[in-house]
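Worksheet for the structure shown next.
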Amino acid sequence: MDLDRLEQTGAWSWRVKSEPGIARAEAILYGDAELLRTMDNKVLEQITNVAKLPGLVGPAYAMPDAHWGYGFPIGGVAAFDPEDGGIISAGGVGFDISCGIRCLRSDLEEKQIAPAIQKLADSLYRNIPAGVGVEGDLQLSAHELDAVLTGGAQWAVRQGYGDSAELEYVEQRGCMTDAVPANVSPLAKKRQRGEMGTLGSGNHYLEVQVVDRIHDAKAAEAYGLRDGQIIVSIHCGSRGLGHQIGTEFLVSLAKAARRLGITLPDRELACAPVRSPEGEQYIGAMNAAINCALANRQILAHLTRRTFAHFFPGCRLETLFDVSHNTCKPEQHEVNGKRRLLWVHRKGATRAFGPGHPEIPERYREAGQPVIIGGSMGTGSYVLAGTATSEARAWSSASHGAGRAMSRHQALKQWQGRQVVDALRERGILIRTRSMRGVAEEAPGAYKDVNRVAEATEGAGLARRVAFLRPIACVKG
Amino acid sequence: MRSYEYFEHDADIGVVGRGATVERAFESAAEAMFAVMAEPASLREPAEVSVSFVEDDIDLALVQWLNALLGAARETGLVFRRFSLSRKGSRWEGRAWGEPWREEIERGVEVKGATLTMLSVKSGATGWEARCVVDV
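Sequence lines, in order, name chains A and B. The first sequence runs 1 to 477 under the working numbering. The second sequence runs 478 to 613 under the working numbering.
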């Protein structure tokens with residue numbers, strides 16, 4: 001990225017400079033000079049475009065892990081006021097609606113599972129449906145699927161996948177109440193019937209990790225984290241149903257924007273006012289997809305527990321937290337001293353409520369909301385905590401991953417899947433996958449330095465580091 | 478002169494299809510997209526499906542075509558490797574040939590949908606070119 005087009009406003013924050021003759025677009029990017037320099041100029045272009053959408057409140061923000069997306073940059077955050085013509089954008093949510101991470105903490109330690117890790121990895125690979133073209137054991141009728149879309153993770157618990165107490169640790173207690181299954185097309189529903197309880201592919205994974213480093217002992221204690229503890233992180237989303245909803249509404253909202261006279265700086269920013277028939281239709285469908293994703297991760301958490309129980313009878317795998325990072329949700333935020341209801345788009349960004357927020361489970365309320373930055377399979381991930389400053393910095397948002405440093409195409413030219421798997425095994429990280437191409441595209445070297453992203457997230461006041469998680473086994477989609 | 482290739486995008490993949498007509502270019506773009514999901518040489522063609530859609534915007538027609546194929550593939554549990562498309566006015570009718578997923582197929586990564594990013598359908602001296610970014 002061309003840093004000449006930015007004005008540095010703090011150690012970790014940059015404002016897009018105004019250009020002569022062009023209305024100023026308020027956009028702020030977080031990170032250090034090195035992180036920003038490695039970002040594509042398209043990130044700057046995209047976040048500037050987002051800042052031109054109707055009803056925007058405050059600036060549009062790019063997180064330290066931002067990279068070139070479609071419409072919104074991945075790592076983009078923007079809030080809109082529905083009472084001021086504020087919009088909702090399908091491109092601002094993405095195809096994989098409510099893609100996110102379910103993080104499970106165990107009562108096991110690395111030394112306990114080390115003797116069984118090979119067999120555990122094999123068993124997880126067999127029991128967790130992963131990869132393109134792979135369906136799960138669960139085949140749902142149309143009626144059952146509507147119940148999923150209405151009930152989310154709460155539906156999954158009612159079916160015996162986990163227990164209701166853990167829903168406390170899932171955003172919205174596992175269910176968006178304003179879902180409208182009738183707004184979801186028959187094709188979207190058909191696509192999902194065999195895909196509940198599947199991981200998907202691309203950057204999705206199930207990873208067995210070890211708490212390798214504690215940064216904040218007090219928050220770690222509140223989160224139930226300790227050195228050497230085994231953690232499982234599950235990264236996936238709303239599968240075929242969400243993809244189909246994203247697909248259909250991208251085109252229909254692009255046409256709606258044209259009809260409503262909304263000038264789009266980029267067609268991919270297809271949108272409609274929150275308070276419009278088109279906007280409301282998308283919101284109902286999007287919420288249904290969020291419930292689908294929450295139910296999916298609930299089922300996968302259950303399959304994971306069952307697999308662990310086979311090797312370690314009586315072991316506990318409790319939900320630490322479940323975060324979604326492709327959403328748009330109505331939230332109360334302080335704007336110039338007043339509380340206002342804003343619709344906050346987070347496209348590849350994690351909600352990060354600060355200490356004391358009423359939506360944080362009581363156990364974590366003093367520490368702040370858990371935030372999970374999922375890194376590449378060769379480096380590691382972070383658990384962070386939302387900060388008191390995050391609301392003013394980016395509507396209580398933080399990074400969601402390491403962020404890609406190179407394209408999939410470039411990665412394929414640079415690495416072979418088998419070579420990556422062998423190299424990681426030498427480092428004590430087991431990979432199980434059906435796609436060597438997928439592994440090459442997801443090679444650790446194709447991602448930014450997750451340590452730097454986490455440091456920048458903390459430096460920018462978005463979230464503070466609590467613990468670093470080192471991967472030891474990964475089922476790649 | 479039908480052919481396909483890829484172009485760079487940070488998180489996802491750009492597909493480019495070329496052909497003597499817009500329909501052939503769209504078929505090539507579909508080949509490019511499905512080759513991301515499975516190695517074409519490892520596929521057979523015992524199954525055939527039909528898709529159709531109405532679209533008068535030539536750019537959006539590419540997105541509709543690719544997404545219709547993705548929807549059909551996921552609905553039927555098939556993976557495709559060969560395509561045929563025809564157009565009458567704004568009505569597009571296509572066919573795709575492939576097979577159900579099986580263990581021996583060399584898998585790539587799932588394409589979630591075709592996006593409007595870098596979307597372009599244009600004709601030149603050497604024929605038509607259709608391109609867009611697909612989300613993986």
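Ideal placement from N, C-alpha and C gives every residue a C-beta, glycine not left out. Since this is a predicted model, take the numbers as computed values, not measurements.
Could you please give me the residues that DSSP links to residue i through a beta bridge?
| i | result |
| --- | --- |
| residue 457 (chain A) | Answer is none; residue 457 (chain A) lacks a bridge partner. |
| residue 520 (chain B) | Answer by DSSP bridge pairing: none, since residue 520 (chain B) is not bridged. |
| residue 381 (chain A) | A:469 |
| residue 447 (chain A) | A:404 |
| residue 56 (chain A) | A:80 |
| residue 373 (chain A) | A:382 |
| residue 326 (chain A) | A:347 |
| residue 515 (chain B) | B:584 |
| residue 476 (chain A) | A:205 and A:433 |
| residue 273 (chain A) | A:87 |
| residue 609 (chain B) | B:492 |
| residue 576 (chain B) | B:556 |
Would residue i and residue j qualify as a contact pair, given that the criterion is a beta-carbon distance under 9 angstroms?
| i | j | result |
| --- | --- | --- |
| residue 104 (chain A) | residue 231 (chain A) | yes |
| residue 371 (chain A) | residue 78 (chain A) | no |
| residue 161 (chain A) | residue 289 (chain A) | no |
| residue 187 (chain A) | residue 552 (chain B) | yes |
| residue 308 (chain A) | residue 106 (chain A) | yes |
| residue 495 (chain B) | residue 480 (chain B) | yes |
| residue 12 (chain A) | residue 459 (chain A) | yes |
| residue 235 (chain A) | residue 278 (chain A) | no |
| residue 521 (chain B) | residue 576 (chain B) | yes |
| residue 284 (chain A) | residue 183 (chain A) | yes |
| residue 502 (chain B) | residue 607 (chain B) | yes |
| residue 315 (chain A) | residue 124 (chain A) | no |
For residue i, which residues in the same chain have their Cβ closer than 6 angstroms to its Cβ, ignoring the five residues on either side in sequence?
| i | result |
| --- | --- |
| residue 152 (chain A) | 174, 175, 291, 294 and 295 |
| residue 166 (chain A) | 319 |
| residue 219 (chain A) | 367, 385 and 466 |
| residue 60 (chain A) | 27, 47, 50, 51 and 78 |
| residue 610 (chain B) | 486, 489, 491, 592, 594 and 595 |
| residue 156 (chain A) | 295, 298 and 299 |
| residue 9 (chain A) | 15 |
Go through its chain and collect everything with a Cβ distance to residue i's Cβ below 7 angstroms, but skip five positions before and after it.
| i | result |
| --- | --- |
| residue 268 (chain A) | 70, 71 and 91 |
| residue 257 (chain A) | 264, 270, 271 and 272 |
| residue 168 (chain A) | 361 |
| residue 227 (chain A) | 211 and 214 |
| residue 613 (chain B) | 489, 490, 513, 586, 587, 588 and 589 |
Would you say residue i reaches chain A, if we count a Cβ-Cβ gap shorter than 9 angstroms as a contact?
| i | result |
| --- | --- |
| residue 622 (chain B) | The first residue shown for chain B is 478 and the last is 613, placing residue 622 (chain B) beyond what the model contains. |
| residue 593 (chain B) | yes |
| residue 582 (chain B) | yes |
| residue 481 (chain B) | no |
| residue 507 (chain B) | no |
| residue 585 (chain B) | yes |
| residue 535 (chain B) | no |
| residue 515 (chain B) | yes |
| residue 589 (chain B) | yes |
| residue 552 (chain B) | yes |
| residue 485 (chain B) | yes |
| residue 573 (chain B) | no |
| residue 531 (chain B) | no |
Return no unless some Cβ of chain B is closer than 9 angstroms to the Cβ of residue i.
| i | result |
| --- | --- |
| residue 52 (chain A) | no |
| residue 247 (chain A) | yes |
| residue 223 (chain A) | no |
| residue 74 (chain A) | yes |
| residue 338 (chain A) | no |
| residue 232 (chain A) | no |
| residue 134 (chain A) | yes |
| residue 353 (chain A) | no |
| residue 70 (chain A) | yes |
| residue 67 (chain A) | yes |
| residue 100 (chain A) | no |
| residue 449 (chain A) | no |
Once the 5 residues before and after residue i are set aside, which same chain residues still bring their CB inside 8 angstroms of it?
| i | result |
| --- | --- |
| residue 38 (chain A) | 1, 405 and 448 |
| residue 40 (chain A) | 1, 67 and 68 |
| residue 303 (chain A) | 127, 128 and 197 |
(message) Would the stretch 140 to 151 of chain A count as touching the stretch 187 to 198 of chain A if we require 3 or more Cβ pairs under 8 angstroms?
(response) yes
(message) Within 8 angstroms, do at least three Cβ pairs link the stretch 232 to 246 of chain A to the stretch 495 to 514 of chain B?
(response) no
(request) Evaluate contact between the stretch 348 to 358 of chain A and the stretch 388 to 398 of chain A, counting only Cβ atoms and requiring at least three cross-stretch pairs below 8 angstroms. (result) yes
(message) With three or more C-beta pairs closer than 8 angstroms as the rule, is the stretch 326 to 333 of chain A touching the stretch 125 to 142 of chain A?
(response) no
(request) For the stretch 376 to 387 of chain A and the stretch 433 to 449 of chain A, state whether three or more C-beta atom pairs, one from each stretch, are separated by less than 8 angstroms. (result) yes
(request) Taking 8 angstroms as the threshold, find out whether the stretch 580 to 594 of chain B comes into contact with the stretch 426 to 442 of chain A through three or more Cβ pairs. (result) yes
(message) Below 8 angstroms, how does it come out for the stretch 591 to 602 of chain B and the stretch 537 to 548 of chain B: are there three or more Cβ pairs, yes or no?
(response) yes
(request) Taking 8 angstroms as the threshold, find out whether the stretch 83 to 99 of chain A comes into contact with the stretch 423 to 433 of chain A through three or more Cβ pairs. (result) no
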